[in-house]
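Participant:
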Amino acid sequence: MLTAYDYPSATLVDQCGIDMILVGDSLGMVMLGRDDTISVTMDEMVHHCRAVTRGTKRALVIADMPFMSYEPGVETALTNAARLFQQGGVRAVKLEGGREILPQVQALVQAGIPVVGHIGLTPQRVAALGGFKVQGKTAEAARRLMDEAKALEDAGAFCIVLEAIPAPIASRITAAVGVPTIGIGAGSDCDGQVLVFHDLLGLFDRFVPKFVKQYANLRDIAAQAISEYRQDVENGDFPGTEHSFRMPEEENAKLDN
Ligand code: KIV
Ligand code: NA
Numbered sequence: 251m252l253t254a255y256d257y258p259s260a261t262l263v264d265q266c267g268i269d270m271i272l273v274g275d276s277l278g279m280v281m282l283g284r285d286d287t288i289s290v291t292m293d294e295m296v297h298h299c300r301a302v303t304r305g306t307k308r309a310l311v312i313a314d315m316p317f318m319s320y321e322p323g324v325e326t327a328l329t330n331a332a333r334l335f336q337q338g339g340v341r342a343v344k345l346e347g348g349r350e351i352l353p354q355v356q357a358l359v360q361a362g363i364p365v366v367g368h369i370g371l372t373p374q375r376v377a378a379l380g381g382f383k384v385q386g387k388t389a390e391a392a393r394r395l396m397d398e399a400k401a402l403e404d405a406g407a408f409c410i411v412l413e414a415i416p417a418p419i420a421s422r423i424t425a426a427v428g429v430p431t432i433g434i435g436a437g438s439d440c441d442g443q444v445l446v447f448h449d450l451l452g453l454f455d456r457f458v459p460k461f462v463k464q465y466a467n468l469r470d471i472a473a474q475a476i477s478e479y480r481q482d483v484e485n486g487d488f489p490g491t492e493h494s495f496r497m498p499e500e501e502n503a504k505l506d507n
């Protein structure tokens, strides 16, 4: 699984054979430059989902349900998930949380909306968690995570994202639940992995989380290209004749008379 947020990123991810594309609410940070994901709205999610689904032929597209689009209750969750389906064109949604959102997960699944769970470091709760921190480091916290994963599976989630938890705990959860686990900062024993598009490609300028492997530095490559363009224009080297349109010489000459 990899995130994508617009048409070009979706076409790339899809064409590379990634199975699932997540329109993550991380778009608030990597696309919109905000400090966290809390302020992402349903309208913003729908806008980005539309672009991603237009660029996707093969992968399953999953939309994050933004902060407070599902917590208030089952009705709210159904209404908002329906928008992501009908207007955004996605075919699954992801919700952060454990026991407290089981009624919403059940109702969505019953309505025919596949649900992805997300436990561990849940960025929408960053205020309550006291920062972007690794979760489940004590035996008690780890037990709670295992319990949440099982409860999400029982409620009908078809896979569960495990974010920023110790590898041995992710391994235990993966062994304990029947549905696939998708890890991010959760070690190699998960059934699948997920990364943020901008992190993988080196397109985010602020920080690189410990769990990210940067496979390329596209910012450097892009900066090089943009600087060359600027220099070419300043030196008169761009555009060249090959980029310019001609007209019949006699027509041009008429303008001198
Ligand atoms: O918003 C997001 O990109 C996510 C993934 C990091 C799992 O939730
Ligand atoms: Na998210």
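For the sequence shown, my numbering assigns the number 251 to the initial residue and increments by one for each residue that follows. Glycine is no exception: its CB is placed at the ideal position from the N, C-alpha and C atoms.
Take I415 as the anchor and find which of E403, D404, S438 has the nearest alpha-carbon.
Facilitator: Of the candidates E403, D404, S438, the one whose C-alpha sits nearest the C-alpha of I415 is S438.
Participant: Would DSSP call Q337 helix, strand or coil?
Facilitator: Three-state DSSP puts Q337 in coil, outside helix and strand.
Participant: Going by CA-CA distance only, name the one from P418, D404, G305, E501 that's closest to A436.
Facilitator: It is P418.
Participant: Restricting to runs no shorter than 4 residues, where is the alpha helix (DSSP H) found entirely within the stretch 366-451?
Facilitator: The stretch 366-451 contains these whole alpha helix (DSSP H) runs: 376-379, 389-405, 417-426, 447-451.
Participant: A313 by DSSP, collapsed to three states: which one?
Facilitator: Looking at A313 - three-state DSSP - the assignment turns out to be strand.
Participant: On a CA-only basis, which of F408, F335, G433 is nearest A420? Give me that one, please.
Facilitator: With distances taken between Cα atoms, A420 lies closest to G433.
Participant: Excluding the five sequence neighbours on either side, which residues of its own chain have a C-beta within less than 7 Å of the C-beta of L468, listed in chain order?
Facilitator: For L468, where only same-chain residues beyond five positions count, the Cβ hits under 7 Å are L451, G452, L453.
Participant: If we call anything under 8 Å between Cβ atoms a contact, is L371 one with E413?
Facilitator: Taking 8 Å as the Cβ cut-off, L371 and E413 qualify as a contacting pair.
Participant: Quick check: the Cα distance between F447 and L252, rounded to an integer number of angstroms?
Facilitator: Approximately 6 Å between the Cα atoms of the pair.
Participant: Helix, strand or coil for I271, going by three-state DSSP, please let me know.
Facilitator: Note: I271 maps to strand in three-state DSSP.
Participant: Is the beta carbon of A391 less than 8 Å from the beta carbon of Q385?
Facilitator: A contact, by the Cβ cut-off of 8 Å.
Participant: Straight-line CA distance for N485 to A503?
Facilitator: About 28 Å.
Participant: Give the straight-line distance between the Cα atoms of I312 and D275, rounded to the nearest whole angstrom.
Facilitator: Using only the alpha carbons, I get a separation of about 11 Å.
Participant: Report whether the distance from the Cβ of D275 to the nearest heavy atom of the ligand NA is below 7 Å.
Facilitator: Yes, the ligand NA has a heavy atom inside 7 Å of this Cβ.
Participant: In the DSSP assignment, find the unbroken alpha helix (DSSP H) run with A503 in it and report its ends.
Facilitator: 499-504 is the extent of the alpha helix (DSSP H) around A503.
Participant: Using a 10 Å radius around the Cβ and a threshold of 16 neighbouring Cβ atoms, would you call P373 buried or exposed?
Facilitator: Label assigned to P373: buried.
Participant: Measuring CB to CB, does G338 end up less than 8 Å from M279?
Facilitator: Result no, Cβ atoms of G338 and M279 do not sit closer than 8 Å.
Participant: Between F317 and K307, what straight-line distance do the alpha-carbon atoms span, to the nearest angstrom?
Facilitator: If you take the alpha carbons of F317 and K307, they lie about 28 Å apart.
Participant: DSSP on E325, reduced to helix/strand/coil?
Facilitator: Helix, per DSSP.
Participant: Please look up how many angstroms separate the CB atoms of L402 and V355, rounded, as I've assumed it's under 8 Å.
Facilitator: Confirmed, Cβ separation roughly 6 Å.
Participant: Using the rule of at least 16 other Cβ atoms within 10 Å of the residue's Cβ for burial, across every protein chain shown, is M497 buried or exposed?
Facilitator: M497 comes out exposed.
Participant: If you draw a straight line from the alpha carbon of T424 to that of T291, how long is it in whole angstroms?
Facilitator: Looking at the two C-alpha atoms, the distance is approximately 32 Å.
Participant: When DSSP builds the beta bridges, which residues end up paired with A475?
Facilitator: In DSSP, A475 forms no bridge with anything.
Participant: Where does G347 fall in DSSP's three states?
Facilitator: In this structure, G347 counts as strand in the three-state DSSP scheme.
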